[in-house]
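J.:
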Amino acid sequence: MAGVLGVLLLAGCAESPPEQLGREDRVAAVPVFELHMPEQVWQRTDVRLGDPGVEDPVTLIPEADGMVRIDLTGEQMADYLVALDHNAHGGISADDPELATAVYDLVAG
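Be aware that the sequence shown starts at 393, since it is given in the numbering used here, and climbs by one per residue.
1) Given a cut-off of 9 angstroms on the beta-carbon distance, is the pair M429 and I453 in contact?
2) In whole angstroms, what is the alpha-carbon distance linking E356 and R440?
3) Which residue from E467, E407 and D448 puts its Cα closest to that of A421?
4) Specify, as a first and last residue, the run of the alpha helix (DSSP H) that V433 falls within.
5) Name, in chain order, the residues that DSSP records as bridge partners for R418.
6) Taking the continuous beta strand (DSSP E) assigned at V460, which residues delimit it?
7) Can you tell me the Cβ-Cβ gap for V474 and E431, rounded? I've got them flagged as a contact below 8 angstroms.
8) Can you tell which of D477, G445, A500 and V495 has the C-alpha that lies nearest to the C-alpha of V433?
Written out as structure tokens, the structure is:
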């Protein structure tokens with residue numbers, strides 16, 4: 393019982409939207425996604441349980457005014473959605489849930 397409780401606490405008992413798994417499947421089939429956002433937003437939302445959510449984006453190019461362009465493969469975008477979902481809906485283990493929710497709502501739409 394203690395092991396199950398520990399797993400639930402680590403998982404954060406997330407309440408993912410019912411569409412989440414379908415979104416992950418659909419984005420994984422797309423060759424490249426291009427995102428534009430403030431660099432600090434990327435850094436604050438690309439985490440899951442304290443670890444980076446996406447390893448080695450295809451490109452991460454700084455732009456004017458603190459913005460970055462991030463190119464992700466479909467699989468990387470699925471990883472980013474998982475990180476966003478965890479932080480937006482992950483309960484006590486979530487990092488920056490308000491920001492993650494705002495980005496998730498924009499990206500998932």
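C-beta atoms are modelled at their ideal positions from N, C-alpha and C, and glycine is treated no differently.
T.: In short, the structure shows the following:
1) no
2) Any property of residue 356 remains undetermined from this structure, which presents the chain solely from 393 to 501.
3) E467
4) E431 to T437
5) Per DSSP, R418 has no beta bridge partner at all.
6) Here the beta strand (DSSP E) through V460 covers M459 to T465.
7) The pair is not a contact, with the Cβ atoms about 21 angstroms apart (cut-off 8 angstroms).
8) V495
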